[in-house]
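J.: Residue numbering for the sequence shown follows UniProt numbering, starting at 1 and increasing by one per position.
My questions all concern the structure below.
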Amino acid sequence: MHYGAMFLSVVLSLPQQNPPPLHQQLHHRAQNAADTSLTSFQTWRLTPWHLRRDILLRAASLLKSREETLKTAMREETSCSAPYADFQVLFAVQCIQETASRISALVGEVPNVGAPGSYGFIFREALGPILLIAPWNAALILAGRSLAAILGAGCTAIFKASELSPKTHHLLAQCFIDAGLPNGVLNVLQTSKEDAESVTEALIAHKAVKKVEFIGTYMHHGQICYGTERIIILRTIADSFLPLLTKEASTFNPGLPVSATISSSTHAKLLDAASKGATFLLGGPTYSENGISLAPTIVTGVTREMIMWDEETFGPCVAVFVVESGEEAVALVNESSYGFSTSIHTRDLERALEMSRGLEVGQVQVNANTVYGEANLPCGGIKNTGWGVMNSKWGLEEFTRLKTFTANMETHQNFASH
C-alpha cells in the first residue's frame, strides 16, 4: 500500500517460490521507506509555507470529524478511559492547528558582517527525512503533534507506528494523507513486537534519516511521563496533609494498564521499596482482583538505595517526602537525574517565582497539576529527561537547521577573523 504512506507488515507481497525470510522482507521495506522519504524530501522541502499550513489545518479538521472512530480505537487498543480519549482528540487538534499557524514564523536573519561591501544571511532549512517512533500511550497526541511539526517544517516522515496501537496510528496517518500530502511524504511502518528492534535499528542507521523523534507518555493507571511521582511537604503541615491525601487517594480509580507487562514493572519497584524498609500509607505491591491493575499507593521512607528514589514508578503510586524548608525541597528536586515538571502549591506567588528559578526542571506550575500543557507553550525537560522541545514554533524549529551564507563581491576578502 503506497499512496503517500507505506505500510509495513500489513500487506506482504504475493507468494513466491523460495521467498526470503520475513525479517529480510521487513528490512527491505524499511529501507525502501527511507529511500522514498529522501526522494520526496527534495520537492516537499520547497513547498510554499501556506500549502503546508493548509494541509495541516485540513488534517486537524479530518481528525475532528473522525473522532468517534479514533476514540473507539484508542479505548480498544490502550484501555484508556472515555474522558482521556476525548481529551486526546481535543488536544491533538489544538496542537496541529497551532503548529500550522506558526509555519510562517520559520524565518532566518540578516546579520551585520564586518567586511565592507559584504553580505550575510542566515537561512533556516528543513533537516530532511525524520524517523518518528511513536508510543501507544497518548497515541493520538504524541504522534499527531510530532507529525505536524515534522511535516510543517518541510521534512518528510518515516512514522513507525506502535505495535500496541496500530489502528489508532494508521487512522491518524490517514487524516494527514487525506488532507493532501503528496506521495512519499509520510511513510508509515508497522512491525510486530518481535521485529521492531531490528527494523528500528536499520532505520536509524540509514543515511537518509537526519533525526529521530522518540517520545512516550501515559495518562491512565498513573502512567505519564510528567505525572506526579513525588510529593514534598513542609513538616509544619505534614500531620494535617497526609490524612487528607490518604483519604482522597483511597477513592481514586486507577483504571487499567495496557498490559500485565506494563504494571509488572511498577509492581517490581514497589516490592523493592518494601524489601528495603519503605512504609505504605495506602496500597502497596499488590494487584487488584483482575490480576493486572495496581491499587493506589502512597509510600513514605523512600531512600537512595531504592529503585523508585530516582526512577518513576509509571503507575498509580506516589512517594511522600517531609522537609524542613523550601530550600530543602528545591535541593531534593534537583538531586534527581531527571527534570521535567514541578508544581508549587502556595499562596505566595513571589516565593513560588523565586523557588522556580532554582529548580532544575523544564516547566513549573503554581497551584496546578504537574501534568500541564497548552498547544502554544513549549514542552520539554532537562537533564536525563531528554532533548528537544515540543509544541508551536519551538517544535517546528527542532526539525530545522541554520545555514550561514556570506558574500563579498568586491575584494574576495576572507573576513572569518572579524
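The beta carbon of each residue, even a glycine, is placed where N, CA and C say it ideally should be.
Tell me the DSSP bridge mates of N187?
T.: Answer is I158.
J.: For K193, count neighbouring Cβ atoms within 10 angstroms of its own Cβ and tell me buried if that reaches 16, exposed if not.
T.: That one is exposed.
J.: Out of curiosity, what's the CA-to-CA distance linking V199 and I215?
T.: Roughly 18 Å between the two C-alpha positions.
J.: In terms of alpha-carbon separation, which member of L281, R230, V110 lies closest to residue 425?
T.: The displayed coordinates of the chain run from 1 to 418. Any statement about residue 425 would go beyond what the structure contains.
J.: May I ask you to report which of helix, strand or coil DSSP gives N408?
T.: Residue state, collapsed to three classes: strand.
J.: Are the Cβ atoms of L131 and V185 separated by less than 8 Å?
T.: Going by C-beta atoms, L131 is not nearer than 8 Å to V185.
J.: Here's the rule: buried if 16 or more other CB atoms are within 10 angstroms of the residue's CB, otherwise exposed. What is T99?
T.: By the 10 Å Cβ count, T99 comes out buried.
J.: Three-state secondary structure (DSSP) at F123?
T.: Here F123 sits in strand by DSSP.
J.: Assign L14 to buried or exposed, taking buried as 16 or more other Cβ atoms, counted over all protein chains shown, within 10 Å of its Cβ.
T.: Summary for L14: the model assigns pLDDT 40, below 50, so the residue's position carries little reliability, and this model does not support an answer.
J.: Using a 10 Å radius around the Cβ and a threshold of 16 neighbouring Cβ atoms, would you call I55 buried or exposed?
T.: Flag for I55 reads buried.
J.: What is the residue span of the alpha helix (DSSP H) that L332 lies within?
T.: First-last of the alpha helix (DSSP H) with L332: 326 to 335.
J.: CB I292 to CB L281, shorter than 8 Å?
T.: Result no, Cβ atoms of I292 and L281 do not sit closer than 8 Å.
J.: So C95 packs on R145, CB below 8 Å; how close in whole Å?
T.: Yes, they are in contact, since the Cβ atoms of C95 and R145 sit about 4 Å apart, within 8 Å.
J.: Can you check whether the CB of L140 is closer than 8 Å to the CB of V89?
T.: Yes, the Cβ-Cβ distance between V89 and L140 is below 8 Å.
J.: With H, G and I counted as helix, E and B as strand and the rest as coil, what does DSSP make of A105?
T.: Helix at A105.
J.: So does the region 75 to 83 actually touch the region 157 to 173, counting three or more Cβ pairs closer than 8 Å?
T.: Yes, the region 75 to 83 is in contact with the region 157 to 173.
J.: Restricting to Cα atoms, I'd like to know which of V113, L245, A138 is closest to K71.
T.: Comparing Cα-Cα distances from K71 to each of V113, L245, A138, the minimum goes to A138.
J.: Mind pulling the alpha helix (DSSP H) runs of 4 or more residues that sit fully within the region 17 to 103?
T.: As far as the region 17 to 103 is concerned, its whole alpha helix (DSSP H) runs of at least 4 residues are 22 to 44, 49 to 65, 67 to 78, 82 to 101.
J.: State the Cα-Cα distance for the pair L271 and P285, rounded to the nearest angstrom.
T.: So the two alpha carbons sit approximately 6 Å from each other.
J.: What residues match up with G339 in a beta bridge as DSSP calls it?
T.: DSSP lists I382 as partners of G339.
J.: Per DSSP, what kind of secondary structure is A273 in: helix, strand or coil?
T.: If DSSP states are grouped into helix, strand and coil, A273 belongs with the helices.
J.: Counting C-beta neighbours from all protein chains within 10 Å, is the total for G381 16 or more, i.e. buried, or is it exposed?
T.: Classification for G381: buried.
J.: Distance, Cα to Cα, V361 vs T303?
T.: Rounded to whole angstroms, V361 to T303 spans 21 Å at the Cα level.
J.: Taking only the alpha-carbon atoms, compute the straight-line gap between Q190 and S162 and give it to the nearest angstrom.
T.: Each residue's Cα considered, the two are about 7 Å apart.
J.: Using CA coordinates, which residue listed in T404, A249, S264, T156 is at the minimum distance from V110?
T.: Of the listed residues, the one whose Cα sits closest to V110 is T404.
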